[in-house]
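One line per chain: the protein sequences are A and B, in this order. Under the numbering used here, the first sequence has 69 at position 69, and the numbering climbs by one with no breaks. Under the numbering used here, the second sequence has 204 at position 92, and the numbering climbs by one with no breaks.
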Amino acid sequence: DGGITQSPKYLFRKEGQNVTLSCEQNLNHDAMYWYRQDPGQGLRLIYYSQIVNDFQKGDIAEGYSVSREKKESFPLTVTSAQKNPTAFYLCASGDTHRNTIYFGEGSWLTVV
Amino acid sequence: RKEVEQDPGPFNVPEGATVAFNCTYSNSASQSFFWYRQDCRKEPKLLMSVYSSGNEDGRFTAQLNRASQYISLLIRDSKLSDSATYLCVVNPGGSQGNLIFGKGTKLSVKP
Numbered sequence: 001d002g003g004i005t006q007s008p009k010y011l012f013r014k015e016g017q018n019v020t021l022s023c024e025q026n027l028n029h030d031a032m033y034w035y036r037q038d039p040g041q042g043l044r045l046i047y048y049s050q051i052v053n054d055f056q057k058g059d060i061a062e063g064y065s066v067s068r069e070k071k072e073s074f075p076l077t078v079t080s081a082q083k084n085p086t087a088f089y090l091c092a093s094g095d096t097h098r099n100t101i102y103f104g105e106g107s108w109l110t111v112v
Numbered sequence: 113r114k115e116v117e118q119d120p121g122p123f124n125v126p127e128g129a130t131v132a133f134n135c136t137y138s139n140s141a142s143q144s145f146f147w148y149r150q151d152c153r154k155e156p157k158l159l160m161s162v163y164s165s166g167n168e169d170g171r172f173t174a175q176l177n178r179a180s181q182y183i184s185l186l187i188r189d190s191k192l193s194d195s196a197t198y199l200c201v202v203n204p205g206g207s208q209g210n211l212i213f214g215k216g217t218k219l220s221v222k223p
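Next comes the structure, spelled out in structure tokens:
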């Protein structure tokens, strides 16, 4: 099936640890995105990448890092510098024909 | 003024009702518009694009008013399965990375 796969779906992290969220897509989309959603809040853009080996900061990039070594993959690392990492993380890829984006199922990160 | 504003609701309606949501946007140069649906603790899913001439998909109708800078979503004959949060999304131009999401309007359809 074509789509966007995020893993893990649920992740618990101790304070001070880095954690990496995986995002893979087989839609042949050039652009990929990471968003964060907090309860009752809108989506906020963390990072995005329009092409392999290039990415740009979004509105809330501090405490996060990404890489884009392959077109299909856009992993997000939540570092210990991120002060409030507990949230729902959504990866998306962009359809230039429809000029919109499609989401993976999301990853729930909880810091304990 | 917030970039994309929606009434958070909740809108509580009986099955079979017609319900309408509005969304306003601040950037008059915005180029494309969408409605997404998000179920509780799930990812947003594209419901429909919004075209200048208005468009319909089954029980759903979307309209754009550029002069007043708002878009609307009308749901006819509401079903229990329509219960969700509806997100208004605006692309002010340029790349898809510029998409601006509203916080959503929650709809609850009751039997």
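The C-beta atom is built at its ideal place from N, Cα and C for all residues, glycine as well. Only a predicted model underlies this, so the values are computations on that prediction, with no experimental measurement involved.
Using a C-beta cutoff of 8 Å, does residue i count as contacting chain A?
i: GLY166 (chain B); result: no
i: PRO203 (chain B); result: One point to set straight first is that residue 203 (chain B) is Asn, not Pro, in the sequence displayed. Yes, contact with chain A.
i: SER140 (chain B); result: no
i: SER220 (chain B); result: no
i: SER161 (chain B); result: yes
Taking all protein chains shown into account, decide if residue i is buried (16 or more other Cβ within 10 angstroms of its Cβ) or exposed.
i: TYR10 (chain A); result: exposed
i: SER165 (chain B); result: exposed
i: ASP151 (chain B); result: exposed
i: ARG68 (chain A); result: buried
i: GLU155 (chain B); result: buried
i: THR96 (chain A); result: exposed
i: GLN37 (chain A); result: buried
i: LEU192 (chain B); result: exposed
i: TYR47 (chain A); result: buried
i: ASN18 (chain A); result: exposed
i: TYR111 (chain A); result: At residue 111 (chain A) the sequence reads Val, which differs from the Tyr that was named. Label assigned to VAL111 (chain A): buried.
i: GLN118 (chain B); result: buried
i: GLN6 (chain A); result: buried
Tell me, which residues are paired with residue i by DSSP?
i: ILE233 (chain B); result: For residue 233 (chain B) there is no data in the structure shown, the boundaries of chain B being 113 and 223.
i: ARG13 (chain A); result: A:VAL111
i: SER7 (chain A); result: A:SER22
i: ASN177 (chain B); result: B:TYR182
i: TYR33 (chain A); result: A:TYR48, A:ALA92
i: ASN167 (chain B); result: B:ALA174
How about residue i: is its C-beta nearer than 8 Å to some C-beta of chain E?
i: GLU155 (chain B); result: No chain E is present in this structure, whose protein chains are A and B.
Could you work out which residues of chain B lie near residue i, taking near to mean beta carbons separated by less than 9 Å?
i: GLY106 (chain A); result: ARG153, LYS154, GLU155
Run through chain B and tell me which residues come within less than 8 Å of residue i, C-beta to C-beta.
i: GLN41 (chain A); result: LYS215
Note down, in chain order, every chain A residue with its Cβ under 7 Å from the Cβ of residue i.
i: PHE146 (chain B); result: THR100
i: LEU158 (chain B); result: THR100, TYR102
Taking the beta strand (DSSP E) that residue i belongs to, which residues open and close that run?
i: GLU155 (chain B); result: First-last for GLU155 (chain B): undefined, no H or E at that position.
i: THR86 (chain A); result: Taken as a continuous stretch (DSSP letters only), THR86 (chain A) belongs to no beta strand (DSSP E), as it is neither H nor E.
i: ALA234 (chain B); result: Look at the range of chain B in this structure, 113 to 223, and you will see that residue 234 (chain B) is not part of it.
i: ARG44 (chain A); result: 43 to 51
i: PHE123 (chain B); result: 123 to 126
i: LEU27 (chain A); result: Element bounds for LEU27 (chain A): n/a, residue is neither H nor E.
i: GLN118 (chain B); result: 116 to 118
i: THR79 (chain A); result: Neither: THR79 (chain A) is in no beta strand (DSSP E) and is coded neither H nor E.
i: LEU219 (chain B); result: 217 to 222
i: SER65 (chain A); result: 64 to 66
i: LYS57 (chain A); result: 54 to 57
i: PHE103 (chain A); result: 100 to 103
If we cut at 8 Å on Cβ distances, does residue i have a partner in chain B?
i: PHE90 (chain A); result: Per the sequence presented here, residue 90 (chain A) reads as Leu, with Phe not at that position. Closer than 8 Å: yes.
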